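In the working numbering, the protein residues as written are 4 to 141.
Accompanying notes for the structure given below.
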Amino acid sequence: MEMRSLHDILTSTWVGVHTGSYLADDSQLYAANEHCLRRQLELVQSFCDMSGFRLNVDKTQILTFAALSPALSPMLVTSNAPAKSLGILMTPNLSPMARFNYVFDRFDSRLSLWLYKVRTYAGNVAILHSICLPVLWY
């Protein structure tokens with residue numbers, strides 16, 4: 004693929020405000036509609052073809068509240084299989100109780116690792132501050 008066609012993809016993708024968030028090797032792209040989504044995926048694939056990187060399509064997920072074509076339905080995030088964004092569960096219809104259970108399970112698993120390792124009150128407080136409270140903050 005030549006650079007000119009990559010430029011064509013970039014300019015034809017711009018249909019409003021597109022933005023993304025990136026952390027380490029994860030990225031999130033936000034699209035206005037299905038057409039923009041397909042163009043973004045096309046752009047990423049073009050970049051991968053040129054750079055030698057590869058897009059792990061098996062891990063690609065779509066979170067939307069709108070109806071999409073049946074071809075994209077296997078990639079949709081559902082309430083039964085939520086996605087994580089920076090450690091936070093993301094799904095169209097996650098109940099408050101399911102969100103609480105997720106956070107509580109993470110809190111409990113972190114706390115159980117330290118159950119028998121600290122004997123002092125100050126040590127327990129330090130563990131709560133540094134290990135467990137960040138789970139509640141995020």
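Beta carbons are placed, not taken as given, at the ideal position from N, Cα and C, and that holds for glycine.
Every value quoted in this text rests on a predicted model; they were computed, and no experiment measured them.
ask   = So what does L79 bridge to, in DSSP terms?
value = I65
task = Starting from the C-beta of R109, find all residues in its chain whose C-beta is less than 8 angstroms away, skip the five residues before and the five after it, and write them out in chain order.
result = V138
ask   = Which two residues bound the contiguous alpha helix (DSSP H) that contains S115?
value = P99 to L116
task = Could you check the C-alpha separation between A129 and Q31 for me, to the nearest Å?
result = 34 angstroms
task = Just tell me which of M78, A74 and P73 has its CA closest to the CA of L66.
result = M78
Exposure label - L116; buried when at least 16 CB within 10 Å = exposed
ask   = Quick one: is L40 buried, meaning 16 or more other Cβ sit within 10 Å of its Cβ, or exposed?
value = buried
query = Taking three-plus beta-carbon pairs below 8 angstroms as touching, is the stretch 96-103 in contact with the stretch 118-126?
reply = no
message = Relative to the C-alpha of L136, which candidate in Y119, L118, K120 and D111 has its C-alpha closest?
response = D111
inquiry  = Using a 10 Å radius around the Cβ and a threshold of 16 neighbouring Cβ atoms, would you call H132 buried or exposed?
reply    = exposed
key: Three-state secondary structure assigned by DSSP to G23   = Strand at G23.
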